[in-house]
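Position 596, counted from 1, in the sequence shown is what my numbering calls 598; the numbers after and before it change by one each time, with no gaps. Here's the structure, in structure tokens; my notes come after.
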Amino acid sequence: MARQYADERSAASKLSEALTRIEKLDREVRAMRDMTKLLVEARNADELAERACRALVASRGYDAARLVRTDERGACAGEVLHSQPGAATQTLVLSAPTLPPCCAHALQRRGDVLYIDDHRGCDCVHHPGGAACTPALATALSHEGQLYGVLFAYLRDAPPDADERRIFGDLASDLALALHNIEVKREGRAVRAALRTSENKYRTIFETVANVIVVLDEHGVIVECNSRVTDMLGSEPAALVGRALEQLVHPDDRARVGELVARAQRAPRLRHVETCKLFHVDSGEVINVELSAAAPQAADAEQPNWRVVCLIEDIRRRLELQASLAQADRMSNIGLLAAGVAHEINNPLTYVLSNLEQLYRELASHRENPACAEIFTLAEEALQGAQQMRDVTRALKTFSRADTQRREMASVNKVIDGVLKMAFNEIKYRAHLVKHYGDVPAIVADEGQLAQVFLNLIVNATHAIGEGDVAHNELSVSTRVEGNYIVVAVRDTGSGIAPEHMPHIFEPFFSTKEVGVGSGLGLSICRNIVEQMGGRLDALSELGRGSCFTVRLPLAQRAVERPRAQSDPRQRLRELVADRSVLIVDDELFVAKALARMLRGARQIDILDSGVQAHRRLADGDCAYDVIFCDVMMPSLSGMELYDWLQRHEPGLAERVIFMSGGAFTPRASGFVASVENPLVEKPFNAENLVTALKALPS
3 MARQYADERS AASKLSEALT RIEKLDREVR AMRDMTKLLV EARNADELAE
53 RACRALVASR GYDAARLVRT DERGACAGEV LHSQPGAATQ TLVLSAPTLP
103 PCCAHALQRR GDVLYIDDHR GCDCVHHPGG AACTPALATA LSHEGQLYGV
153 LFAYLRDAPP DADERRIFGD LASDLALALH NIEVKREGRA VRAALRTSEN
203 KYRTIFETVA NVIVVLDEHG VIVECNSRVT DMLGSEPAAL VGRALEQLVH
253 PDDRARVGEL VARAQRAPRL RHVETCKLFH VDSGEVINVE LSAAAPQAAD
303 AEQPNWRVVC LIEDIRRRLE LQASLAQADR MSNIGLLAAG VAHEINNPLT
353 YVLSNLEQLY RELASHRENP ACAEIFTLAE EALQGAQQMR DVTRALKTFS
403 RADTQRREMA SVNKVIDGVL KMAFNEIKYR AHLVKHYGDV PAIVADEGQL
453 AQVFLNLIVN ATHAIGEGDV AHNELSVSTR VEGNYIVVAV RDTGSGIAPE
503 HMPHIFEPFF STKEVGVGSG LGLSICRNIV EQMGGRLDAL SELGRGSCFT
553 VRLPLAQRAV ERPRAQSDPR QRLRELVADR SVLIVDDELF VAKALARMLR
603 GARQIDILDS GVQAHRRLAD GDCAYDVIFC DVMMPSLSGM ELYDWLQRHE
653 PGLAERVIFM SGGAFTPRAS GFVASVENPL VEKPFNAENL VTALKALPS
């Protein structure tokens, strides 16, 4: 009986142990199931940590659970999450920036489950109920070297057995794995979002950049291109994919472009540039472009990137602008050359004209004499030719002074006549010239700028008319007064201007002429000049019938007294120089002699052929001159330098200097002439010019 009782008690004990073990296994399975479920369902680390603490309390029967968060370096993240039965999960903020000792100990023993039976010194993580000595299990949450925090489980019964430690460690490992997976997913989403942002940015730049972008594979075949290719080459991007770039390149440039791409592949991240010609896909038009190529650096240095990105810029407009600027520079040089040529011609022309005029006057009284008649005729023809040369050189000088801004009373009709003389060689082979000049008063303007405007309009009108049909083409220039304006109209019967071009004809660099023929600046500059004078420049045109450009210039604000004509300017000149001593300084001796003959009747006339000689004589005290005629441009010592010396040492004599010039074409000379009040006589001069200059001297 006793044995039977003992056996029954033993069986009951074993059954109880089995039931306890089954219950423990059931809690373990439920804990694993709950942990697995929340690991699958949790959407972020915050949710996972909160639910894990609650699950540990509910399924394992812990008195409380806590998770102290750390960053990836194991430093305190500043938050403590805890949960206990019957209470909501709470988040506390650590007051200290460093981890409590128990957390630091768990991190040092990463991978181990620690049993902590005394939390003194760790006030921030002791039992939520306030019992500092409540035992707890603790382990670091770590996966693949990445730290996520420290997990605490507070125990009702202590100490825990090995199974409990194992289960706690397994649950902590699963929690760390889940936190790791969430972090990986978050980083993956961030990477994908960054990639999408980068792709969108790349695609936006790729499609909106002003130039064509072409991506080539290692064989030089197009794998991608942006929509700008349609505007430049006339083809949809998809139609070019799969074609070799060299098929679009002019044969003359294929070798250079091929070498360019090869250089880009050999030297990644360096930009290589060539200018070349491409073909328009539809029309076959040749397009000048600048092609730059670069191969992006491969992510894997051992796996080179053979793809090449090509940026293609249409440089036709740039080349046109460069040609226009070169043309404008050439025109500027031509202006300087014209002034220089006029200067060199005017010096000999001065004494040629003076001598011919004197010879003509001497022979005029003997022209009835048969022996003198033919000589008189020859002198008359030579004089007319010399006067024509004078008119042309004056027009050249006027044109070359277009940028000096020397405003004075100017005759519009006279300026136009001078321009027509310059341009007549162009006109006479294309059209007959018709002039309708009204009785228009002088205006305040810069003659050089006026000449520039009219020359441009007249040359443009001439070029609009083809050569070879003079009888049926006409170029007319008319002037008239209309209200408060002088109106100048330049008409031609040429080709006219296309309606679509009319809104652009006054734009800088716009030209319908071939590259290198016109600068595209002429009409723009003309309009600016006219508007600066307070006027207006307008245009009307009919394609195939001709054009009319109209210049309106404001009248002078006050009436200008026209000089009274002298019956004999030579007689008036003799009266003005009578009893005067005159010094003539000019490096052209024949000019000085011609002037001396015109000033015959003066009390004294001295001639010096250099500024150095004049300076020496005046410095020696020989300053008893009433008038000094001095050339502006002379070697060694110019008239400008001599004048500066006189201003410092003989200011009274400096006021009595009359300057002479065959064309002050240097910037310094132009500025000097504009700055002084002394009169200027331009070569070749006549008696009337000299009278005007002498009358301008102070009395």
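For every residue, glycine included, the Cβ atom is placed at its ideal position computed from N, Cα and C.
Integer Cβ distance of residue i from residue j, believed to fall under 8 Å
i	j	result
V442	R392	No, V442 and R392 are not in contact; Cβ-Cβ is about 24 Å, not under 8 Å.
L644	G613	5 Å
V421	L457	5 Å
V275	E292	6 Å
Three-way DSSP call (helix, strand, coil) for residue i in this model
i	result
K416	helix
K697	helix
L149	strand
A241	helix
F631	strand
I586	strand
H107	helix
Y64	coil
M642	helix
V562	Its pLDDT being 46, under 50, V562 is placed unreliably in this model, and the coordinates cannot settle the point.
K437	strand
E684	strand
D393	helix
E292	strand
C227	strand
C312	strand
E544	strand
R497	Checking the sequence shown, residue 497 turns out to be Ser, not Arg. Coil.
M636	coil
Range of the contiguous alpha helix (DSSP H) that encloses residue i
i	result
Q606	That residue, Q606, is in no alpha helix (DSSP H); its beta strand (DSSP E) goes 606–610.
T738	Look at the range of the chain in this structure, 3 to 701, and you will see that residue 738 is not part of it.
N458	449–465
A616	613–621
L748	The structure shown has nothing for residue 748, since the chain only spans 3 to 701.
E533	524–534
L597	591–600
R258	256–268
R576	571–579
V675	669–677
L655	653–656
Segment limits, beta strand (DSSP E) that includes residue i
i	result
D114	Per DSSP, D114 belongs to no beta strand (DSSP E) and is neither H nor E.
T206	Per DSSP, T206 belongs to no beta strand (DSSP E); it is in the alpha helix (DSSP H), 164–210.
H274	274–281
R493	487–494
L218	214–218
Close Cβ partners of residue i (< 6 Å) along its chain, the five nearest in sequence each way excluded
i	result
L696	L578
V216	I224, C227, C312
S97	The pLDDT assigned to S97 is 46, lower than 50, so where the model puts this residue is not dependable; a value taken from the coordinates is nonetheless given after this. Excluding residues within five positions, none has a Cβ falling inside 6 Å.
D65	Y156, R158
S543	G498, I499, S549
L459	V492, F551
R265	H274
Beta-carbon gap between residue i and residue j smaller than 8 Å
i	j	result
V461	M411	no
V634	F592	no
A2	A155	Look at the range of the chain in this structure, 3 to 701, and you will see that residue 2 is not part of it.
A174	L197	no
L601	I630	no
R168	L139	no
H182	E146	yes
E144	R112	Checking the sequence, you will find Ser at residue 144 rather than Glu. For S144 and R112, yes; Cβs fall inside 8 Å.
I507	A466	no
G296	R271	Reading off the sequence shown, one finds Ala at residue 296, where the question assumed Gly. For A296 and R271, yes; Cβs fall inside 8 Å.
N349	E590	yes
C151	V70	The residue asked about is misnamed: residue 151 is Gly in this sequence, not Cys. Against a cut-off of 8 Å, the Cβ pair of V70 and G151 comes out as a contact.
F687	T352	yes
G665	H345	yes
Sequence-distant residues of the same chain with beta carbon closer than 8 Å to residue i, five excluded per side
i	result
E484	R554
L247	V216, L218, G222, V223, I224, V259, V263, C312
L235	V214, L242, L250, L280, F281, H282, V283, I289
A381	L358, L361, Y362, L365
Proximal residues to residue i (C-beta, below 7 Å), its chain only, five neighbours per side dropped
i	result
A409	The sequence as given places Arg at residue 409; Ala does not occur at that position. Closer than 7 Å at the Cβ level, and outside the excluded window around R409, lie V446, A447, D448.
R273	S294, A296
G440	T481, R482, V483
Residue i at chain C interface by Cβ criterion, 8 Å
i	result
A174	Here there is only one protein chain, and chain C is not present.
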